[in-house]
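Data block below; observations after.
There are 2 protein chains.
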Amino acid sequence: MGAGILSGLRIVEISAFIAAPLGGATLAAMGADVIRVDPPGGGVDIGRWPLHRGRSLYWAGLNQGKRSVTIDMRHELGQEKVARLITAPGDGGGIFLTNLPVSGWNSYDELKKLRRDLVMVVVTGNRDGSAAVDYTVNAALGFPFITGPEDAVGPLNHVLPAWDAMTGFLAATAILAAERHRRITGDGQLVELSLSDVGLAVAGHLGLIGEAVLEEQPRGRFGNHVYGTFGRDFVTRDGRRVMVLALTPRQWRSLVEATGLSGEFRNLEARLGLYFNNEGDRWRGRQEISDRLQEWIALRNLSSVAAAFDAERVLWGPYQTFKELVAEDPRASAANPLFADVEHPGLGTYPTPGSPLRFGAADPVPPRPAPRLGEHTDEVLREFDL
Amino acid sequence: MGAGILSGLRIVEISAFIAAPLGGATLAAMGADVIRVDPPGGGVDIGRWPLHRGRSLYWAGLNQGKRSVTIDMRHELGQEKVARLITAPGDGGGIFLTNLPVSGWNSYDELKKLRRDLVMVVVTGNRDGSAAVDYTVNAALGFPFITGPEDAVGPLNHVLPAWDAMTGFLAATAILAAERHRRITGDGQLVELSLSDVGLAVAGHLGLIGEAVLEEQPRGRFGNHVYGTFGRDFVTRDGRRVMVLALTPRQWRSLVEATGLSGEFRNLEARLGLYFNNEGDRWRGRQEISDRLQEWIALRNLSSVAAAFDAERVLWGPYQTFKELVAEDPRASAANPLFADVEHPGLGTYPTPGSPLRFGAADPVPPRPAPRLGEHTDEVLREFDL
Chain L
3 MGAGILSGLR
13 IVEISAFIAA
23 PLGGATLAAM
33 GADVIRVDPP
43 GGGVDIGRWP
53 LHRGRSLYWA
63 GLNQGKRSVT
73 IDMRHELGQE
83 KVARLITAPG
93 DGGGIFLTNL
103 PVSGWNSYDE
113 LKKLRRDLVM
123 VVVTGNRDGS
133 AAVDYTVNAA
143 LGFPFITGPE
153 DAVGPLNHVL
163 PAWDAMTGFL
173 AATAILAAER
183 HRRITGDGQL
193 VELSLSDVGL
203 AVAGHLGLIG
213 EAVLEEQPRG
223 RFGNHVYGTF
233 GRDFVTRDGR
243 RVMVLALTPR
253 QWRSLVEATG
263 LSGEFRNLEA
273 RLGLYFNNEG
283 DRWRGRQEIS
293 DRLQEWIALR
303 NLSSVAAAFD
313 AERVLWGPYQ
323 TFKELVAEDP
333 RASAANPLFA
343 DVEHPGLGTY
353 PTPGSPLRFG
363 AADPVPPRPA
373 PRLGEHTDEV
383 LREFDL
Chain F
3 MGAGILSGLR
13 IVEISAFIAA
23 PLGGATLAAM
33 GADVIRVDPP
43 GGGVDIGRWP
53 LHRGRSLYWA
63 GLNQGKRSVT
73 IDMRHELGQE
83 KVARLITAPG
93 DGGGIFLTNL
103 PVSGWNSYDE
113 LKKLRRDLVM
123 VVVTGNRDGS
133 AAVDYTVNAA
143 LGFPFITGPE
153 DAVGPLNHVL
163 PAWDAMTGFL
173 AATAILAAER
183 HRRITGDGQL
193 VELSLSDVGL
203 AVAGHLGLIG
213 EAVLEEQPRG
223 RFGNHVYGTF
233 GRDFVTRDGR
243 RVMVLALTPR
253 QWRSLVEATG
263 LSGEFRNLEA
273 RLGLYFNNEG
283 DRWRGRQEIS
293 DRLQEWIALR
303 NLSSVAAAFD
313 AERVLWGPYQ
323 TFKELVAEDP
333 RASAANPLFA
343 DVEHPGLGTY
353 PTPGSPLRFG
363 AADPVPPRPA
373 PRLGEHTDEV
383 LREFDL
């Protein structure tokens with residue numbers, strides 16, 4: 003399939019929704035040949051929102067750069083074809099990624115009979131195979147009770163399907179680790195991961211499980227304040243919002259310099275008995291710091307805030323709606339080499355990302371649209387003599 | 003360093019905060035020897051919250067299973083030692099991961115002189131090297147304006163540093179892809195990725211950039227409703243919260259069966275002119291569906307809701323605070339093989355995750371604590387003759 007650091011790898015994907023499809027799209031954007039197999043008419047995610055003119059922008063995004071094959075897998079003939087496709091010979095082949103239930107014909111044990119060095123990565127909801135999705139994992143993890151305004155009641159879901167996306171990227175990691183092992187030893191293997199384990203591992207790495215065990219009163223809900231240091235949103239004179247942070251002493255000095263509020267902040271430190279070079283003290287004084295800073299920012303338009311902050315290397319950024327993002331931010335346009343303006347059949351033309359990974363030793367893979375459902379069925383059946 | 007699918011790989015990490023450290027911890031949990039180098043006294047993240055008894059649970063979580071070396075890199079002697087450590091010989095060595103500024107002695111061009119096949123992965127804020135962190139990337143991407151209650155005003159940050167975590171996992175993917183390339187061709191390379199590109203790519207894959215370009219009115223803020231289908235939080239009689247979803251027709255039937263509300267929902271469909279087997283129609287009728295369902299759930303305690311839902315395979319899950327998670331959920335305890343009760347020196351003992359990836363062909367790496375800062379300085383200096 004041409005350019006890309008993973009040129010020569012071939013992955014067969016049977017999947018739905020986000021985690022496995024994003025894992026496959028990530029590898030496709032690095033040059034792997036990713037063949038997604040769906041039932042005729044498409045899987046359960048074929049019409050997933052957001053839509054445009056009734057067609058799924060979600061499906062188009064999560065299947066970029068793949069080949070699409072439709073085969074009826076309810077019957078033995080179709081199952082046999084897909085099993086032979088998954089286990090077709092070739093150095094970079096014999097890799098199967100799925101987040102749909104596997105049993106019988108598409109189990110590791112059955113497929114291994116057709117290709118002994120098969121690498122198979124199975125994404126489940128829970129480790130025991132029971133159902134869980136991004137939303138139930140997030141509910142269980144505690145984040146909805148610490149997200150949102152301090153006076154909010156009840157859980158507040160974030161909209162970003164973060165656990166799905168992380169699981170997708172980890173599935174890509176898993177495939178490369180198992181393929182490395184195969185390259186060294188000749189052996190394939192089954193790799194399993196679950197959405198809830200990914201969420202739990204991340205909560206653990208962030209210290210939140212330790213905090214909940216060791217602290218009588220773990221962290222609460224603090225609105226847009228960044229826990230344990232200084233960071234928050236502010237409103238400019240022209241009604242725009244900005245996120246302003248001082249995570250390090252250098253960034254705090256920048257903020258003080260840019261605003262010229264050193265006298266005010268020194269008085270505040272004296273009055274509160276705090277020393278704002280310490281992150282904990284910036285946290286303890288966050289409300290007072292924010293009050294001063296909001297006064298300063300409220301007197302200025304976004305453009306003057308930006309100029310003052312950038313001159314002193316303040317860590318900050320404007321809030322943008324998705325509309326503002328695509329209208330105003332060059333990072334979300336073809337001015338950023340991450341993107342190209344790609345025409346998606348039946349949808350339209352819009353900036354479409356390639357891989358965010360830039361490999362010095364390999365040509366990048368130009369961003370490509372998703373296939374039409376079943377677009378490559380004949381081609382793939384012929385190519386693999388099925 | 004023993005067990006693990008990546009046993010034999012060695013990564014030197016110069017890092018702070020989340021993205022690169024999580025990338026390193028991910029590889030360490032898979033058996034790689036990850037050596038994190040910090041200045042004496044620690045880097046800017048050594049005291050990052052959450053804390054316990056003044057010590058960072060965050061640092062302990064993000065550096066699990068690594069070796070820690072402290073060297074003063076402000077002076078030439080220290081720089082030379084670290085450069086030699088990064089470029090030390092060995093098949094699995096010569097891999098450098100960083101999210102701190104590189105220039106001069108630790109630039110790719112300089113280090114490559116010491117080891118021609120160096121793999122170096124550099125995480126930046128923006129692609130052009132300018133500063134951006136999870137919070138500013140999130141602000142720019144549009145999510146804070148679609149997160150939170152429908153009547154919320156202004157942006158609402160989610161608390162989970164999702165972009166950081168995704169970037170960490172992608173950095174792990176990048177290292178394995180570049181190491182594969184080196185194994186095949188003998189060539190090393192520089193790999194770059196930026197937090198903002200990762201965020202933009204994910205927003206693109208989810209269809210949100212396409213939606214913002216093509217739709218006059220892209221999706222708004224819908225509280226805890228799951229966009230374009232049915233999913234929301236509900237309150238049980240005993241005051242617990244549950245997340246309930248019907249993403250597929252099968253899941254919708256399960257919900258109808260479990261609640262015995264088929265008559266009510268049929269009437270509702272007739273009255274509204276909707277057909278709830280279609281996800282779009284479940285979305286259009288979400289308020290009315292939720293009203294019926296809330297009545298049903300409000301009459302039952304969590305335990306009876308759970309029994310009724312599980313019997314019919316409804317897609318649902320309880321909300322839990324972090325305290326409830328560690329107290330009640332076996333998935334967040336050593337009953338889940340993901341975790342072991344690990345003693346973290348100076349902090350205490352708590353369930354500590356290993357890799358969420360389970361490789362059939364390799365022994366798992368038992369969860370390990372983070373090192374004490376500088377714990378392996380002498381050992382590493384000796385081992386690499388520095």
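Protein chains in written order, with this note's numbering: chain L, 3 to 388; chain F, 3 to 388.
A virtual CB, placed ideally from N, CA and C, is assigned to each residue, including glycine.
Please read all numbers here as calculations on a predicted model, not as lab measurements.
Q. Any Cβ of chain F within less than 8 Å of the Cβ of W254 (chain L)?
A. For the purposes of this step, residue 254 (chain L) is taken as residue 252 along the first sequence, with counting starting at 1. W254 (chain L) is outside the set of residues whose beta carbon lies under 8 Å from a beta carbon in chain F.
### Query
Alpha carbon to alpha carbon, how far is L158 (chain F) from D331 (chain F)?
Here the question's residue 158 (chain F) lines up with position 156 in the second sequence. Here the question's residue 331 (chain F) lines up with position 329 in the second sequence. Distance between the alpha carbons of L158 (chain F) and D331 (chain F) is about 28 Å.
- prompt: Between M3 (chain L) and chain F, is there a C-beta pair that is closer than 8 Å?
  reply: By one-based count along the first sequence, residue 3 (chain L) stands at place 1. Low confidence applies to M3 (chain L): its pLDDT is 42, below 50, so where it sits in the model is not reliable, and the reading given next is rough at best. Contact with chain F is absent for M3 (chain L), since none of that chain's Cβ atoms lies less than 8 Å from the residue's Cβ.
Quiz prompt | CA-to-CA distance, R374 (chain F) to P347 (chain F), given in whole angstroms | solution = Against the second sequence, residue 347 (chain F) aligns to sequence position 345. Against the second sequence, residue 374 (chain F) aligns to sequence position 372. Straight-line Cα distance between these residues: approximately 8 Å.
Original post:
Interface residues of chain F around T250 (chain L) at Cβ under 8 Å?
Top reply: Taking the first sequence and counting its residues from 1, one reaches residue 250 (chain L) at position 248. Those within 8 Å of T250 (chain L) in chain F are V46.
Along chain L, which residues have their Cβ under 8 Å away from the Cβ of S196 (chain F)?
By 1-based counting over the second sequence, the position of residue 196 (chain F) is 194. What S196 (chain F) touches in chain L: P358.
According to DSSP, is T138 (chain L) part of a helix, a strand, or is it coil?
As a position in the first sequence, residue 138 (chain L) is number 136, starting the count at 1. T138 (chain L): helix per DSSP, three-state reduction.
**Message:** With H, G and I counted as helix, E and B as strand and the rest as coil, what does DSSP make of E377 (chain L)?
**Reply:** Locating residue 377 (chain L) in the first sequence gives position 375, counting from the first residue. In this structure, E377 (chain L) counts as coil in the three-state DSSP scheme.
- Query: Is it buried or exposed for W115 (chain L), if we count other Cβ within 10 angstroms and need 16 for buried?
  - Reply: Residue mapping note: residue 115 (chain L) aligns to position 113 of the first sequence, counting from 1. Note on identity: in this sequence residue 115 (chain L) is Lys, with Trp being the wrong assignment. Exposed is the call here.
- [ ] Determine the DSSP secondary structure at R20 (chain F), reduced to helix, strand or coil.
- [x] Here residue 20 (chain F) corresponds to residue number 18 of the second sequence, with the count starting at 1. Note that residue 20 (chain F) corresponds to Ile in the displayed sequence, not to Arg. DSSP places I20 (chain F) in coil when its eight states are reduced to three.
Going along chain L in order, which residues have a C-beta closer than 8 Å to the C-beta of V193 (chain F)? Residue 193 (chain F) sits at position 191 when you count from the first residue of the second sequence. Near V193 (chain F) (Cβ distances below 8 Å), the residues of chain L are L359, R360, F361, G362.
**Message:** Residues of chain L with CB closer than 7 Å to the CB of M32 (chain F), please, in chain order.
**Reply:** Here residue 32 (chain F) corresponds to residue number 30 of the second sequence, with the count starting at 1. Ordered by position in chain L, the residues that pass the 7 Å Cβ test against M32 (chain F) are A179.
request  = Taking the CB atoms as reference points, tell me whether L317 (chain F) and A133 (chain L) lie closer together than 8 Å.
outcome  = As a working note, residue 317 (chain F) is residue 315 in the second sequence. As a working note, residue 133 (chain L) is residue 131 in the first sequence. Against a cut-off of 8 Å, the Cβ pair of A133 (chain L) and L317 (chain F) comes out as a contact.
- request: Within its chain, find whatever has a CB closer than 6 Å to the CB of A214 (chain F); leave out the 5 residues flanking it on each side and keep chain order.
  value: Against the second sequence, residue 214 (chain F) aligns to sequence position 212. These residues qualify, in order along the chain: P220.
Can you tell me the Cα-Cα spacing of R370 (chain L) and D74 (chain F), whole angstroms? Taking the first residue of the first sequence as position 1, residue 370 (chain L) is located at position 368. Taking the first residue of the second sequence as position 1, residue 74 (chain F) is located at position 72. So the alpha carbons of these two residues sit roughly 46 Å apart.
message = Which residues of the stretch 320 to 335 of chain F have a Cβ closer than 7 Å to any Cβ of chain L? Give them in chain order.
response = P320, Y321, Q322, T323, F324, K325, L327, V328, D331, R333, A334
Starting from M32 (chain L), trace the alpha helix (DSSP H) both ways and give me its first and last residue. Position 30 of the first sequence, counted from the first residue, corresponds to residue 32 (chain L). Looking at the DSSP string, M32 (chain L) is not in any alpha helix (DSSP H), and its letter there is neither H nor E.
Next item on the list: Starting from V328 (chain F), follow the alpha helix (DSSP H) in both directions and report where the run begins and ends.
Entry: Numbered from its first residue, the second sequence carries residue 328 (chain F) at position 326. Where V328 (chain F) is concerned, the enclosing alpha helix (DSSP H) stretches over 324 to 330.
> Should E194 (chain L) go down as buried or exposed, given a rule of 16 or more other Cβ atoms within 10 Å for buried?
Replying inline: Start at 1 with the first residue of the first sequence, and residue 194 (chain L) comes out as number 192. Around the beta carbon of E194 (chain L), a 10 Å sphere encloses 16 or more other beta carbons of the protein chains shown; the residue is thus reported as buried.
* Asked: CB-CB under 7 Å to L327 (chain F), same chain, minus the five flanking residues each way: which ones, in chain order?
  -> Counting from one through the second sequence, the residue named residue 327 (chain F) turns up at place 325. So the list reads A334, once near-sequence residues are dropped.
Under 8 Å, with one C-beta from each stretch per pair, do the stretch 164 to 182 of chain L and the stretch 171 to 179 of chain F reach the 3-pair mark?
Contact holds: three or more Cβ-Cβ distances are below 8 Å.
query = Of all the beta strand (DSSP E) runs that stay within the bounds of the stretch 41 to 91 of chain L, which reach a length of 3 or more residues?
reply = With a minimum length of 3 residues, the continuous beta strand (DSSP E) runs that stay inside the stretch 41 to 91 of chain L are 69 to 72.
If we call anything under 8 Å between Cβ atoms a contact, is L192 (chain F) one with V124 (chain F)? In the second sequence, residue 192 (chain F) corresponds to position 190, counting from 1. In the second sequence, residue 124 (chain F) corresponds to position 122, counting from 1. It is a contact, given that the beta carbons lie within the stated cut-off.
- Taking 8 Å as the cut-off, decide whether the C-beta atoms of G127 (chain F) and V135 (chain F) are in contact. For the purposes of this step, residue 127 (chain F) is identified with residue 125 of the second sequence, where counting begins at 1. For the purposes of this step, residue 135 (chain F) is identified with residue 133 of the second sequence, where counting begins at 1. Contact: yes.
Taking the alpha-carbon of G131 (chain L) as reference, which of L:A363, L:G106, L:S198 has the nearest alpha-carbon? The residue labelled residue 131 (chain L) in the question sits at position 129 within the first sequence. When only C-alpha atoms are compared, the closest one is L:S198.
For this session: Spatial neighbours of M3 (chain F) within its chain, please: CB distance less than 8 Å, with the 5 preceding and 5 following residues excluded, ordered by chain position.
Result: Position 1 of the second sequence, counted from the first residue, corresponds to residue 3 (chain F). At M3 (chain F), the pLDDT of 42 sits below 50, so the modelled position is not reliable; the number obtained from the coordinates is stated separately. Counting only Cβ-Cβ distances below 8 Å, and skipping sequence neighbours, we find S9, G33, A34, D35.
* Asked: Run through DSSP, which three-state label would M3 (chain F) get?
  -> Along the second sequence, one-based indexing puts residue 3 (chain F) at 1. Its pLDDT being 42, under 50, M3 (chain F) is placed unreliably by the model, and the measurement read from it follows with that caveat. Three-state DSSP puts M3 (chain F) in coil, outside helix and strand.
V244 (chain L), enclosing beta strand (DSSP E) - first and last residue
Your numbering for residue 244 (chain L) matches position 242 in the first sequence. Counting along the chain, the beta strand (DSSP E) containing V244 (chain L) begins and ends at 243 to 248.
Cβ distance (whole Å) where G233 (chain L) is taken to contact L247 (chain L) below 8 Å | Residue 233 (chain L) sits at position 231 when you count from the first residue of the first sequence. Residue 247 (chain L) sits at position 245 when you count from the first residue of the first sequence. At roughly 4 Å, the Cβ-Cβ gap stays under 8 Å, so G233 (chain L) and L247 (chain L) are in contact.
If contacts are defined as beta-carbon pairs under 8 Å, then G92 (chain F) and R12 (chain F) qualify, I think. What distance do you get, rounded to the angstrom?
Counting from one through the second sequence, the residue named residue 92 (chain F) turns up at place 90. Counting from one through the second sequence, the residue named residue 12 (chain F) turns up at place 10. So it is a contact: roughly 7 Å between Cβ atoms.
Checklist entry - Just to confirm, are D235 (chain F) and Y321 (chain F) a CB contact at a threshold of 8 Å? => result Counting from one through the second sequence, the residue named residue 235 (chain F) turns up at place 233. Counting from one through the second sequence, the residue named residue 321 (chain F) turns up at place 319. Yes; because the gap between Cβ atoms is below 8 Å, this pair is in contact.
Per DSSP, which residues does E15 (chain L) bridge with? Please list them.
The residue labelled residue 15 (chain L) in the question sits at position 13 within the first sequence. Paired residues: L:R38, L:L99.
If we count Cβ pairs, one from each stretch, closer than 8 Å, do we get three or more for the stretch 151 to 166 of chain F versus the stretch 41 to 50 of chain F? no
Cβ neighbour criterion (16 or more within 10 Å) applied to R360 (chain L): Taking the first residue of the first sequence as position 1, residue 360 (chain L) is located at position 358. R360 (chain L) should be labelled buried.
Check your understanding: When you compare each of F:L304, F:L340, F:D380, F:F386 to P368 (chain F) by their alpha carbons, which one comes out closest?
Key -> Looking up residue 368 (chain F) in the second sequence gives position 366. Looking at the Cα atoms, F:L340 is the closest of the given residues.
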